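Q: Sequences listed follow chains A and B, in order.
Under the numbering used here, think of the first position of the first sequence as 91, with each following residue one higher.
Under the numbering used here, think of the first position of the second sequence as 59, with each following residue one higher.
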Amino acid sequence: MAEATWEKPAAPAVKTGSGRLKFLIGGLLILAAVTYLIISGTGAGARYFMTVDELVKNPDYVGKTVRISGAVIGDTIQYDARNLIINFTIANIPTEYENLAEELHAAATDPSRTQLQVRVENQVKPDLLQHEAQAILTGTLQPDGTFQATELLLKCPTRFEEADPGKVITNPEA
Amino acid sequence: MLAEIGFVSTFLAFVASIYAIIAAVYGGRQHSERLVASARNAALLTFPLLLVATGALVIALIRGEYQMSYVWSVSDPNTQLFYRITALWGSQKGSILFWCFLMSLFAVGALVLNWRTHRRLMPYVIAYTMATLAFFLGLVVFYENPFERWWIVGEEAVEAALIPAGAVAPSMQRLAETANGLNPLLRHFGMIIHPPMLYLGFVAFTIPFAFAMAALASGDLSTNWIKATRRWSLVAWLFLALGLLLGGRWAYDVLGWGGYWGWDPVENAAFLPWLIGTAFLHSVMIQEKRGMLKVWNMFLIIGTFSAVIFGTFATRSGLIDSVHSFARSEIGFPMFFFWAAITVISVGLILWRWNRGELKDEHPFVNILSRESLFVLNNVVFVLLFVAIFWGSFGAPVISELFMGEDITLGQDYFLRVTPPLFVALYILMGVAPLSAWGATSLRRLGKALLVPLALTALFLVIIVVTQHTSDPGALFGYGIVSLAGFVALYETYRGASARRRSIGESWPRAVLALFTRNRRRYGGYIVHLGITIIGIGVIGSTLFQQTTQRTLAVGESVDFGGYTLRYDNFTNAIADDGRQMQIADVTLIRNGQVLTTMRPRHDIYPTQPMTIAASYSTLENDFYVLLVGWEETNANSATFKMYINPLINLVWWGGLILILGTLIGAWPTETLPVTLREPAAVNGRARAKA
């Protein structure tokens, strides 16, 4: 450890012009390369997040990779375990809401909300795919009006944050 | 009673930490030994107080005090003792208290160990550690109190720390009946250890950060702060690495998608401090040896701490949609405020000292092939990787929402495109930098030193081609770059030992042992490099060559996949001790006509949710990973299985073990001198006079 503990007296820094330039050019090259990587990666990986409403009402989005979120309607879930095909319908939820659990409940039970049929292939049915779960989907809207999802993420807020967890204590029927 | 004891102790700890900050800063500025000592005592007091508070919560969890709403929300009468204890960090409120407890433990450790040797830094170390502790204790006291209880006021059940007017306690029986139980996803070995490991990593990084800020505040800008915190940084780094590995293992075992890393924002949030912390560990060596990069090191430790706090904030505030961000909680705003305040104050301190010319480097950079230059390059790549991952996880989504009115997220494609070139650069540097010398290295010397490791790499690639039947140029390039770094580490160790053998005439084992004893940091570091190499090989293999298929099998039927045969034997329904229903498929795995094992992939049904539990058969070569994904409801005469072959995946976990070993070697205490004789320069005149 001896070499690690000695202290050098402060010496004024010597500037070597050409050395600095070399480091500067090298640094700029690296920076340029990584900036290019990040920009091109952003272009390739970007997914526009939108509501079911926005997607369905705008025909420009057909065939483009987008990310949407909606409330899963439990009765519509069909799972073909043999061929790993999942079909279900989601209902529109707005981007801003007070309480996710309540919003999902409202969306899944209100037939006037915009609905969208979703098809996921080659995926095992996720454990969380159930009534009133929030589905976050990446994929493309097909010309026939169904949504072909390549990625399916689910959130079930009821389990993590009950809207009113104490209800069950006072209400034996709940 | 437990709730009151816990809450009062937490509150007292909060008061003590606030007092410690004020007394330490004032005492430090006034040079008042008495005040600083008093601040220290207050800081030390937080530990027993938090021990009592945390203990009260643990006892309440063990005894099933369901009137406490935290206990009610994370356990139920069926919960086993082990999970009752670990439920301490099963949800946010308990986690934050546990965080505070660890923070206090580490702060006390740092104060006790460094009180005499680094007296000049102490007032500010107290101030910074206690400010962090006070902030999190404030969250416990004012926002996320785990000591609240259920009360019935009229018709409503409310959670409150103090008894509301006209409240009656709900019946114990009703509470026990309705209690939630621990989230089933969290009932796994990896998930039990993963959060404390991450917390330990996060908390431990507060110590080097506090010392760095103390150096800036006190004006002791020598390498004292680095020497005092070297082991803390290594320990923090190790815990963070362990937390990441265990999180990956948990995802692999429990989430059932055959992978261990999904570039999810929350995973990334834990990875970011590790990246910048790794850069810090490397670059402080340059300051110790050459007196360079003083400002840069300060920025790196601020960056690490800032990333720790930001990561905690991002995952807790609902800033980013992720499978992990369970709760949009109220603590988002205070956390953001704390993060911003700490960052602004720290950067302000640096700029102030810099402006006064107190952070000048003692040597200029001259040669691009010197070890210091390569270390700087390594730092640059780590920071760029940090920036790229930060941008992908947080930057792009937040900026697009704030300024473009659009909500853009970046998926896996982004990370798989941007990060590999940077990882390649890191592995190349890991291979080359250990061979270079301080000051300058000639290209010829470097080339000569690389000769043997390059030859070994070529040999390794030939073995890969022959045994794995791989000719994929990308994969071979990856294996080559990664293994070169490992061979350099091994070869350097060999060279060191053989030099000792020649000059001193020691035997091989003695020479290796002496090498590791004499220069733990260097050779421990090589072992860590070796671990990272092995992890890298595992990542390449399991990412590029994963195979997957699914098949529906009748009872007695088999399927051939990836050199294995899987036979479906039987289907059973069972009920576990904790009340969950299990549907289990019995399958037999066969290879070359030999039965390897029987496996039981299953489907658990908890009252709240179902869970698919994978079964896997592990060998060095690969994992056979199988999920039960469907069956005939009536008699399960046929069932559907999803199968994965994950080549070399076990190297990821084994590399992790080697990494732990290397870090422990590097961090193991070497000094046997009594504290008072160590580093006399660190003890300032006044403290020495007093002693």
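Every residue gets a Cβ at the ideal spot worked out from N, C-alpha and C, and that includes glycine.
For clarity, every value in this text was computed on a predicted model and none was experimentally measured.
(1) Just list the residues that DSSP pairs residue 210 of chain A with in beta bridges.
(2) Considering only their Cβ atoms, is the gap separating residue 214 of chain A from residue 687 of chain B smaller than 7 Å?
(3) Could you tell me which uninterrupted alpha helix (DSSP H) segments, each at least 4 residues in length, are contained entirely in the region 141-185 of chain A, listed from first to last along the chain?
(4) According to DSSP, is residue 133 of chain B part of a helix, a strand, or is it coil?
(5) Going by DSSP, which residues form a beta bridge with residue 226 of chain A?
(6) Starting from residue 283 of chain B and walking both ways along the alpha helix (DSSP H), at which residues does that stretch end?
(7) Residues in the region 172-188 of chain A with C-beta within 9 Å of chain B's C-beta atoms, listed in sequence order?
(8) Cβ of residue 278 of chain B less than 7 Å from any chain A Cβ?
(9) Does any C-beta atom of chain B lie closer than 7 Å to the C-beta of residue 259 of chain A?
(10) What would DSSP say about residue 66 of chain B, mapped onto helix, strand or coil?
(11) Quick one: what's residue 676 of chain B bridged to in DSSP?
(12) Report yes or no: is there a C-beta of chain B within less than 7 Å of the C-beta of residue 151 of chain A?
(13) Where does residue 80 of chain B sit, in a helix, a strand or coil, going by DSSP?
(14) If you measure beta-carbon to beta-carbon, which residues of the region 633-654 of chain B are closer than 8 Å to chain A?
(15) Roughly how far, in whole angstroms, is the beta-carbon of residue 228 of chain A from the beta-carbon of residue 157 of chain A, given that I think they are within contact range, below 8 Å?
(16) At what residues does the alpha helix (DSSP H) containing residue 437 of chain B begin and finish?
(17) What separation, rounded to the nearest whole angstrom, lies between the Cα atoms of residue 144 of chain B and residue 241 of chain B?
(18) Taking a Cβ distance cut-off of 8 Å, strictly less, list which residues of the region 685-699 of chain B are near chain A, in chain order.
(19) What did DSSP end up calling residue 350 of chain B once you bin it into helix, strand or coil?
(20) Considering Cα atoms alone, identify which of B/621, B/593, B/192, B/614 is closest to residue 606 of chain B.
(21) To the nearest angstrom, how far is the alpha carbon of residue 310 of chain B from that of residue 171 of chain A?
(22) Using a 10 Å radius around the Cβ and a threshold of 16 neighbouring Cβ atoms, would you call residue 383 of chain B buried or exposed?
(23) Exposed or buried, what is residue 701 of chain B when buried is set at 16 or more other beta-carbons lying within 10 Å of its beta-carbon?
(24) Inspect the beta-carbon positions of residue 724 of chain B and residue 576 of chain B and report whether they are closer than 7 Å.
(25) Between B/235, B/349, B/527, which lies nearest to residue 2 of chain B when the distance is taken from Cα to Cα?
(26) Quick check on DSSP: helix, strand or coil for residue 180 of chain B?
(27) Tell me which residue opens and which closes the beta strand (DSSP E) that residue 639 of chain B is part of.
(28) Helix, strand or coil, according to DSSP, for residue 416 of chain B in the structure here?
(29) Nearest-angstrom Cα distance between residue 586 of chain B and residue 206 of chain B?
(30) Give the secondary structure of residue 151 of chain B by DSSP, where H, G and I count as helix, E and B as strand, and everything else as coil.
(31) Suppose you measure from the CA of residue 224 of chain A to the CA of residue 202 of chain B; what does that come to, to the nearest Å?
(32) Going by CA-CA distance only, name the one from B/156, B/262, B/555, B/97 that's closest to residue 180 of chain B.
(33) Closer than 9 Å, Cβ to Cβ, to anything on chain B: give me those residues from the region 112-124 of chain A, in chain order.
(34) Name the DSSP beta bridge partners of residue 708 of chain B, please?
(35) Considering only C-alpha positions, which residue in the set B/692, B/653, B/643 is nearest to residue 672 of chain B?
(36) Between residue 356 of chain B and chain A, is the shortest Cβ-Cβ distance under 7 Å, so that the two count as touching?
A: Quick answer:
(1) On the first sequence, residue 210 of chain A is found 120 positions in, with the first residue counted as 1. Per DSSP, A/176, A/239.
(2) Position 629 of the second sequence holds residue 687 of chain B. Position 124 of the first sequence holds residue 214 of chain A. Result yes, Cβ atoms of residue 687 of chain B and residue 214 of chain A sit closer than 7 Å.
(3) 142-147
(4) Residue numbering aside, residue 133 of chain B sits at position 75 when the second sequence is read from its first letter. DSSP places residue 133 of chain B in coil when its eight states are reduced to three.
(5) Stepping through the first sequence from its first residue, residue 226 of chain A is reached at position 136. Per DSSP, A/159, A/243.
(6) The count along the second sequence starts at 1 and reaches residue 283 of chain B at position 225. Unbroken alpha helix (DSSP H) run through residue 283 of chain B: 282-308.
(7) 172, 173, 174, 185
(8) Counting from 1 along the second sequence, the entry for residue 278 of chain B is found at position 220. Chain A, which has no Cβ nearer than 7 Å to the Cβ of residue 278 of chain B, makes this no.
(9) What you label residue 259 of chain A is simply residue 169 of the first sequence in a count that begins at 1. Yes, contact with chain B.
(10) As a first step, residue 66 of chain B must be located in the second sequence, where it is residue number 8. Helix at residue 66 of chain B.
(11) As a working mapping, residue 676 of chain B is identified with position 618 in the second sequence. Its beta-bridge partners are B/681.
(12) Reading the first sequence from its first residue, position 61 is the one you call residue 151 of chain A. Residue 151 of chain A does not count as touching chain B.
(13) The residue labelled residue 80 of chain B in the question sits at position 22 within the second sequence. Here residue 80 of chain B sits in helix by DSSP.
(14) none
(15) Reading the first sequence from its first residue, position 138 is the one you call residue 228 of chain A. Reading the first sequence from its first residue, position 67 is the one you call residue 157 of chain A. Contact holds; Cβ gap of about 5 Å.
(16) As a first step, residue 437 of chain B must be located in the second sequence, where it is residue number 379. 429-448 is the extent of the alpha helix (DSSP H) around residue 437 of chain B.
(17) Taking the first residue of the second sequence as position 1, residue 144 of chain B is located at position 86. Taking the first residue of the second sequence as position 1, residue 241 of chain B is located at position 183. Looking at the two C-alpha atoms, the distance is approximately 12 Å.
(18) 685, 687, 688, 689, 698
(19) Locating residue 350 of chain B in the second sequence gives position 292, counting from the first residue. Of the three classes helix, strand and coil, the one that applies to residue 350 of chain B here is coil, per DSSP.
(20) As a position in the second sequence, residue 606 of chain B is number 548, starting the count at 1. When each option's Cα is compared against that of residue 606 of chain B, the closest is B/621.
(21) As a first step, residue 310 of chain B must be located in the second sequence, where it is residue number 252. As a first step, residue 171 of chain A must be located in the first sequence, where it is residue number 81. Whole-angstrom Cα-Cα distance: 21 Å.
(22) Taking the second sequence and counting its residues from 1, one reaches residue 383 of chain B at position 325. Low confidence applies here, because residue 383 of chain B scores a pLDDT of 43, under 50, leaving its location unreliable; read the following figure in that light. Burial call: buried.
(23) Against the second sequence, residue 701 of chain B aligns to sequence position 643. Buried: at least 16 other Cβ atoms inside 10 Å.
(24) Taking the first residue of the second sequence as 1, we reach residue 724 of chain B at position 666. Taking the first residue of the second sequence as 1, we reach residue 576 of chain B at position 518. No, the Cβ-Cβ distance between residue 724 of chain B and residue 576 of chain B is not below 7 Å.
(25) Outside the modelled stretch of chain B, which goes from 59 to 749, sits residue 2 of chain B, for which no answer is possible.
(26) Here residue 180 of chain B corresponds to residue number 122 of the second sequence, with the count starting at 1. Residue 180 of chain B falls in the helix class under three-state DSSP.
(27) Here residue 639 of chain B corresponds to residue number 581 of the second sequence, with the count starting at 1. First-last of the beta strand (DSSP E) with residue 639 of chain B: 639-649.
(28) On the second sequence, position 358 is the one that residue 416 of chain B refers to. In this structure, residue 416 of chain B counts as coil in the three-state DSSP scheme.
(29) Within the second sequence, numbered from 1, the residue matching residue 586 of chain B stands at position 528. Within the second sequence, numbered from 1, the residue matching residue 206 of chain B stands at position 148. About 45 Å.
(30) As a first step, residue 151 of chain B is located in the second sequence; it is residue number 93 there, counting from the start. Residue state, collapsed to three classes: helix.
(31) Walking along the first sequence from the start, residue 224 of chain A turns up at place 134. Walking along the second sequence from the start, residue 202 of chain B turns up at place 144. Roughly 26 Å between the two C-alpha positions.
(32) In the second sequence, counting from the first residue as 1, residue 180 of chain B sits at position 122. Answer by Cα proximity: B/97.
(33) 112, 113, 116, 117, 120, 121, 123, 124
(34) Translated into positions along the second sequence, residue 708 of chain B becomes position 650. None; residue 708 of chain B has no bridge partner.
(35) If you number the second sequence from 1, residue 672 of chain B lands on position 614. The candidate whose alpha carbon is nearest that of residue 672 of chain B is B/643.
(36) Taking the first residue of the second sequence as 1, we reach residue 356 of chain B at position 298. Residue 356 of chain B does not count as touching chain A.
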